[in-house]
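Undergrad: The sequence shown runs 1020 to 1240 under this note's numbering. I'd like to ask you about the structure that follows.
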Amino acid sequence: MIYLADTANLEEIKELFHYYPMQGVTTNPTILSHEDKPLSVIIPQILDCIGDKMIHIQVISETAEDILQEAKKYREFFDLKNNYYVKIPVTKEGFRAIQMAKDAGMNVTATAIFTQQQAIIAANAGADFVAPYVNRLDNIVSHGIDVVSDIVKCFRLHGISTKVLAASFKNVDQIYRVSMVGCHSVTASYEVLTALMSHPMTDKGVLDFERDGSHLYDVKW
Ligand code: E4P
């Protein structure tokens, strides 16, 4: 399972990519609004921090034709390579746009997925990733983990190569549970990612090792 950062905050991205084996960054209009910088400024800054790792940029156009033009424009404007994934919400126009973007040779992440059927249709349209929203499902008394699990099982059952990029997490337990049902990838906030990579017992263990034996390490390096 691979991990992506669901943030456009440069300090968070720099820290995550410096210390951990992160595989990319995902953004959406809400995430970008937290930084309050225009796309033309923030995307190059993010690219400087992540090198050739994946960047998923969401479109805001409504019709399939406009979505395709918007997606292509970003590829040209930011000089994006094969690490660029256009994030397309699975509206009626979105499903059509996914097919058009694939025909145009683009990588696509189908986003705002809330059901297993939306995921299958997005996969049939050619999406490389489908992004089900775990916490938003949990918040409406549905079951985010079950939806992810159904999508993973179904893709496996039917030999569908589209990957599941589970999104919208509010805690580590949700990520633990999607990993246990075989989810291929997750994107999460800085807070959730750093929480899942650390443990107070690890910190205590390291302090204990240092206290007990550091005076014995007389071989200089
Ligand atoms: C990522 O692709 C989604 O846009 C994001 O994870 C949504 O998360 P939220 O429910 O915390 O806004």
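We treat Cβ as the ideally placed atom computed from N, Cα and C, and that holds for glycine.
Throw me the rounded Cβ distance for the LEU1023 and THR1213 pair, which I believe falls under 8 Å.
TA: Actually they do not touch by this definition, with Cβ atoms about 14 Å apart.
Undergrad: Around the C-beta of THR1049, are 16 or more other C-beta atoms found within 10 angstroms, so that it is buried, or is it exposed?
TA: Flag for THR1049 reads exposed.
Undergrad: Taking 8 Å as the CB-CB limit, is VAL1060 close to chain D?
TA: Judged by its chain identifiers, the structure shown contains no chain D, having just a single protein chain.
Undergrad: Who does ILE1076 pair with in a DSSP beta bridge?
TA: DSSP output for ILE1076 lists VAL1105 as bridge partner(s).
Undergrad: Given a cut-off of 8 Å, decide if LYS1182 and ASP1147 are closer than it, judged by their beta-carbon atoms.
TA: Yes, the pair counts as a contact, with Cβ atoms nearer than the cut-off.
Undergrad: Heavy atom of the ligand E4P less than 7 Å from the Cβ of ASN1047, yes or no?
TA: Yes - the ligand E4P has a heavy atom lying nearer than 7 Å to the Cβ of ASN1047.
Undergrad: Where DSSP assigns a beta bridge to ASN1126, which residues make up the other side?
TA: In the DSSP output, where bridge partners are listed per residue, ASN1126 has TYR1104.
Undergrad: Check LYS1189 in the structure and name its three-state DSSP category.
TA: The answer is coil: DSSP assigns LYS1189 none of H, G, I, E or B.
Undergrad: From GLU1141 to PHE1188, what does the alpha carbon distance come to, in whole angstroms?
TA: At residue 1141 the sequence reads Ala, which differs from the Glu that was named. Spanning the two alpha carbons is a distance of roughly 21 Å.
Undergrad: Is DSSP giving TYR1152 helix, strand or coil here?
TA: Looking at TYR1152 - three-state DSSP - the assignment turns out to be strand.
Undergrad: If you drop the 5 nearest sequence neighbours on each side, which residues of the same chain put their C-beta closer than 8 Å to that of GLN1135?
TA: Excluding positions up to five away in sequence, the list reads VAL1166, ASP1169, ILE1170, CYS1173.
Undergrad: The ligand FAD heavy atoms versus the CB of TYR1103: any closer than 7 Å?
TA: The ligand FAD is not part of this structure, which contains only the ligand E4P.
Undergrad: Whose CA, out of ILE1164, THR1046, ILE1132, lies closest to the CA of SER1198?
TA: Here the closest residue by C-alpha is ILE1164.
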